[in-house]
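In terms of this note's numbering, the numbers along the sequence shown are unbroken and rise by one, the last being 284. In this text, a Cβ means the ideal position worked out from N, Cα and C, and glycines have one as well.
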Amino acid sequence: MCQNMGQIHIVTDSTSDLTQEEITKNQIHVVPLSIQIDNATYTDGVDIQPEEFMEKMAVSKELPKSSQPAPGKFKEMYDELGKDGDQIISIHMTGGMSGTVESARQAAQMSESDVTVIDSRFIASGLGIQLLEAARLRDEGATLEQIIKRLEVVRDNTYLYVIVDTLDNLVKGGRIGKGRGFIGSLLNIKVIANLEGGAYNPVGKVRSHKQVVNHLFKQFLEDTAGKTVKMASISHAHGMKTMGTPLKEKIEATGYHDVRVQFTSPIVSTHTGPGAIGFVYFAE
């Protein structure tokens with residue numbers, strides 16, 4: 001069968017929480033962020049892995065800093081992939097938490113290639129599901145327009161919650177004030193936030209891990225009532241024992257057995273600190 005159109009290439013950053021195997025199998029191209037910790041700079045997912053990063057962060061005096069890729073890095077990738085006239089769709093972590101998508105947009109304007117940049121409005125598996133869906137459609141022969149339309153549907157039906165176990169990193173990162181952080185840790189408060197509109201919004205505070213699990217499970221049941229769950233995923237920074245596993249067991253008891261579990265990227269865990277989980281699901 002002769003194809004009268006070029007290929008569609010998928011580009012992303014290093015925050016999708018997809019496995020290396022999934023990235024390779026789906027031919028997804030990654031432009032990684034970098035992370036500075038104790039005066040050393042690492043390339044996310046290349047020369048530092050999530051668990052090793054957690055160990056370094058635990059003993060670091062200062063909060064690690066993540067940096068978006070320079071536009072030049074994206075431009076190199078776009079120029080190479082698009083040199084034969086192929087189309088490129090570049091899908092990234094929410095612009096509400098990082099300048100990565102903006103960097104990609106600048107590069108798309110500088111490149112001669114045909115690039116469409118998309119703000120996923122999510123992080124972690126919320127971005128990952130959009131990449132997998134884009135790859136599935138591309139492999140089925142969908143056009144770029146069809147993929148873009150479908151991603152809008154996926155975005156509108158994806159829910160993401162982040163639960164922070166300790167407020168230390170949020171205080172260090174200036175996301176909440178010291179006084180509030182101190183009181184929060186005294187009271188052992190767990191903050192539940194969603195990513196509505198692509199930014200971090202606290203939506204609830206509870207006092208125990210068990211309450212977190214119950215809150216999330218109740219939310220999951222409400223949001224997916226009468227729908228088919230297409231994906232459920234737990235990303236964590238050493239938060240499985242306290243919250244991730246009990247939540248996974250509750251979801252499996254409903255008959256959905258494909259809950260993905262993965263360690264989250266340093267870019268996410270530097271904001272949340274240790275013990276956090278991210279819970280993402282997509283239903284339609």
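| said: Quick check: what's the CA-CA separation for Glu222 versus Gly273? | reply: Counting from 1 along the sequence shown, the entry for residue 222 is found at position 222. Counting from 1 along the sequence shown, the entry for residue 273 is found at position 273. Roughly 29 Å separates the two Cα atoms.
| In this structure, what does DSSP give as the bridge partners for Asn194? | Position 194 of the sequence shown, counted from the start, is the residue given in the question as residue 194. Its beta-bridge partners are Tyr161 and Asn201.
| Going by other Cβ atoms of all chains shown within 10 Å of its Cβ, with 16 needed for buried, is Gly198 buried or exposed? | What you label residue 198 is simply residue 198 of the sequence shown in a count that begins at 1. Note on Gly198: 16 or more other CB atoms within 10 angstroms of its CB, so buried under the neighbour-count rule.
| request: Taking all protein chains shown into account, decide if Gln87 is buried (16 or more other Cβ within 10 angstroms of its Cβ) or exposed. | output: Start at 1 with the first residue of the sequence shown, and residue 87 comes out as number 87. So Gln87 counts as buried.
| field | For Ser235 and Gly278, believed in contact at Cβ under 8 Å, the rounded distance | value | Translated into positions along the sequence shown, residue 278 becomes position 278. Translated into positions along the sequence shown, residue 235 becomes position 235. Sure, about 4 Å apart at Cβ, within 8 Å.
| task | Leaving aside the five residues before and after Met77 along the sequence, list all residues of the same chain whose C-beta is less than 7 Å from its C-beta, in chain order. | result | Counting from one through the sequence shown, the residue named residue 77 turns up at place 77. Exclusion of the five residues before and after Met77 leaves Val11, His29 and Val31 as the residues of its chain whose Cβ lies within less than 7 Å of its Cβ.
| request: Output the boundary residues of the alpha helix (DSSP H) element that contains Ser269. | output: Position 269 of the sequence shown, counted from the first residue, corresponds to residue 269. Pro266 to Thr272 is the span of the alpha helix (DSSP H), which, as asked, contains Ser269.
| Can the beta-carbon of Ala276 be found less than 8 Å from the beta-carbon of Thr224? | Within the sequence shown, residue 276 is the residue found at index 276, counting from 1. Within the sequence shown, residue 224 is the residue found at index 224, counting from 1. No Cβ-Cβ contact shorter than 8 Å links Ala276 with Thr224.
| If you run the structure through DSSP and keep just helix, strand and coil, what is Gln3? | Within the sequence shown, numbered from 1, the residue matching residue 3 stands at position 3. Only weak support exists for where Gln3 lies, its pLDDT of 45 falling under 50; the value from the coordinates is given anyway. Note: Gln3 maps to coil in three-state DSSP.
| task | Using beta-carbon positions only, say whether Pro266 and Phe53 come within less than 8 Å of one another. | result | Here residue 266 corresponds to residue number 266 of the sequence shown, with the count starting at 1. Here residue 53 corresponds to residue number 53 of the sequence shown, with the count starting at 1. For Pro266 and Phe53, yes; Cβs fall inside 8 Å.
| task | Flag this pair as yes or no: are the beta carbons of Val259 and Ala232 separated by less than 8 Å? | result | Residue numbering aside, residue 259 sits at position 259 when the sequence shown is read from its first letter. Residue numbering aside, residue 232 sits at position 232 when the sequence shown is read from its first letter. In terms of Cβ geometry, Val259 and Ala232 form a close pair [threshold 8 Å].
| task | For the segment 114-131 and the segment 36-53, state whether three or more C-beta atom pairs, one from each stretch, are separated by less than 8 Å. | result | The segment 114-131 and the segment 36-53 do not touch, with fewer than 3 CB-CB distances between them shorter than 8 Å.
| field | Of the residues Gln262, Val213, Thr228 and Thr270, the one placed nearest Glu249, counting alpha carbons only | value | The count along the sequence shown starts at 1 and reaches residue 249 at position 249. Ranking Gln262, Val213, Thr228 and Thr270 by CA distance to the CA of Glu249 puts Val213 first.
| field | Sheet register partners of Asp17 (DSSP bridge) | value | Walking along the sequence shown from the start, residue 17 turns up at place 17. Looking at the DSSP assignment, Asp17 forms no beta bridge with any residue, so it has no partner.
| query | Does the distance from the C-beta atom of Val107 to that of Thr15 stay below 8 Å? | reply | Residue numbering aside, residue 107 sits at position 107 when the sequence shown is read from its first letter. Residue numbering aside, residue 15 sits at position 15 when the sequence shown is read from its first letter. For clarity, residue 107 is Ala in the given sequence; the question names Val instead. At a Cβ-Cβ threshold of 8 Å, Ala107 and Thr15 do not count as neighbours.
| request: With DSSP collapsed to three states, give me the class of Gln130. | output: Numbered from its first residue, the sequence shown carries residue 130 at position 130. Residue state, collapsed to three classes: helix.
| request: Give me the Cα-Cα distance between Tyr159 and Gly96, rounded to the nearest whole angstrom. | output: Along the sequence shown, read from residue 1 onward, the residue named residue 159 stands at position 159. Along the sequence shown, read from residue 1 onward, the residue named residue 96 stands at position 96. Here the alpha carbons of Gly96 and Tyr159 stand approximately 16 Å from one another.
| message | Let's test the definition: count the other Cβ atoms within 10 Å of the Cβ of His92 and tell me whether it reaches 16, buried, or not, exposed. | response | Translated into positions along the sequence shown, residue 92 becomes position 92. The residue in question, His92, is buried, as its Cβ has 16 or more Cβ neighbours within 10 Å.
| query | Between which two residues does the beta strand (DSSP E) harbouring Val30 extend? | reply | Locating residue 30 in the sequence shown gives position 30, where the first residue counts as 1. Val30 -> beta strand (DSSP E) spans Ile28 to Val30.
| request: Consult DSSP for Met97 and reduce its assignment to one of helix, strand or coil. | output: Position 97 of the sequence shown, counted from the start, is the residue given in the question as residue 97. Shown here, Met97 sits in coil according to DSSP, grouped into three states, outside any helix or strand.
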